[in-house]
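*Asks:*
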Amino acid sequence: QVQLEESGGDLVQPGGSLRLSCAASISFFSIRAMGWYRQTPGKQRDLVAGITSGGNTNYADSVRGRFTISRDNAKNTLYLQMNSLKPEDTAVYYCNTNPVLPRYWGQGTQVTVSS
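Those letters in the sequence shown? Residues 514 to 628, by the numbering used here.
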């Protein structure tokens, strides 16, 4: 069964914006710390933004000030607002708990930043 399903990825020009969504059907979503991760070919999957159950957030240096993570516990949904996108943000984006639980990896959503 699908437990975490990412959506919202697209092709966007540099400087543009996207909003990613993660629909969660995992148990106890509202009390779990969650994160957005990204991966490019040949590289490891890295955390770009995290949010605790209480709403405290943290960001990778490369995205701080441009990306905003948020959650709607009533809808069991995690979001990532991405602004001022750069070509180096091109990657497949995934959501998962933080720290990750490998069984929760979904298919991810492709974000491509290119002119």
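Built from N, CA and C at the ideal position, the CB exists for glycine as well.
So, at 6 Å on beta carbons, what are the nonlocal neighbours of threonine 526 in its own chain, with the 5 sequence-adjacent residues on each side left out?
*Replies:* The residue labelled residue 526 in the question sits at position 13 within the sequence shown. Contrary to the premise, residue 526 reads as glutamine rather than threonine in this sequence. Only Ser628 meet the Cβ criterion.
*Asks:* Just verifying my parser: in three-state terms, what is the DSSP assignment at arginine 616?
*Replies:* Counting from one through the sequence shown, the residue named residue 616 turns up at place 103. Of the three classes helix, strand and coil, the one that applies to arginine 616 here is helix, per DSSP.
*Asks:* For isoleucine 539, does the three-state DSSP call read helix, strand or coil?
*Replies:* One-based indexing of the sequence shown puts residue 539 at position 26. Three-state DSSP puts isoleucine 539 in coil, outside helix and strand.
*Asks:* Hey, glycine 521 and arginine 532 are a contact pair by Cβ (cut 8 Å); roughly how many whole angstroms apart?
*Replies:* Numbered from its first residue, the sequence shown carries residue 521 at position 8. Numbered from its first residue, the sequence shown carries residue 532 at position 19. So it is a contact: roughly 6 Å between Cβ atoms.
*Asks:* DSSP three-state call for aspartate 602: helix, strand or coil?
*Replies:* For this step, residue 602 is matched to residue 89 along the sequence shown. It is helical.
*Asks:* Are the Cβ atoms of glycine 619 and glutamate 518 separated by less than 7 Å?
*Replies:* Locating residue 619 in the sequence shown gives position 106, counting from the first residue. Locating residue 518 in the sequence shown gives position 5, counting from the first residue. Yes. Within cutoff.
*Asks:* Please return the same chain residues whose Cβ sits closer than 6 Å to the Cβ of lysine 588, not counting the five positions on each side in sequence.
*Replies:* Position 75 of the sequence shown, counted from the first residue, corresponds to residue 588. No residues qualify anywhere along the chain.
*Asks:* Drop a sphere of 10 angstroms on the beta-carbon of arginine 616, count the other beta-carbons inside from all chains shown, and report buried for 16 or more, exposed for fewer.
*Replies:* Working through the sequence shown from its first residue, we reach residue 616 at position 103. That one is exposed.
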